[in-house]
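With the first letter of the sequence shown counted as 1, position 49 gets the number 33 in this note's numbering; the numbers rise by one all the way through.
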Amino acid sequence: MGSDQTVILTLKNVIDPDLGANIVDLGLLYGIEYGDNNALVITMTLTSAACPLAELIEEQIGKALNGIVEEWRLRWVWVPPWGPDRITDDGRNQMRALGPPWR
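Now the structure itself:
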């Protein structure tokens, strides 16, 4: 079982391929907790419920958590809805580094 800080730092390696910033700094991560059998439960959202990249992001999460936690699962939520106000300053800097239209 990885510490919360280790898990969050690890999830910063998961990049939303559409926006080019990590899922933590984009504000997509709503929380982490340990459930039954110490399985990590990640509560998160996407920029829209119709996002075609959910499977790719889930795959990246699995690769990132390999060796950090033994068991994990995603809990997708849509309330509260994601909005650009959830992006951290670091996330905005990551997006700016990509150039327009994120300036």
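No residue lacks a Cβ here, since even glycine has one placed at the ideal position from N, Cα and C.
Small disclaimer: the values here were computed from a predicted structure and weren't measured.
- Nearest-angstrom Cα separation, counted from VAL61 out to PRO36: C-alpha of PRO36 to C-alpha of VAL61: approximately 16 angstroms in a straight line.
- Return yes when the Cβ of THR31 is within less than 7 angstroms of the Cβ of TRP56, no when it is not. Not closer than 7 angstroms, so no.
- When we look at the beta-carbon of ASN77 and count the other beta-carbons within 10 Å, is it buried (16 or more) or exposed? ASN77 comes out exposed.
- Query: Do ILE26 and ILE16 have their CB atoms nearer than 7 angstroms?
  - Reply: Yes, these two residues count as a Cβ contact at 7 angstroms.
- Message: Please tell me whether ALA38 and VAL(-2) are closer than 7 angstroms, where the distance is taken between their beta carbons.
- Response: Not closer than 7 angstroms, so no.
- Could you work out which residue in VAL53, ASP69 and MET79 is closest to ASN88 when comparing CA atoms only? Outside the modelled stretch of the chain, which goes from -15 to 87, sits residue 88, for which no answer is possible.
- Message: Taking a contact to mean a Cβ-Cβ separation below 7 angstroms, would you say GLY83 touches ALA5 in this structure?
- Response: Their beta carbons are not under 7 angstroms apart, which means GLY83 does not touch ALA5 by this criterion.
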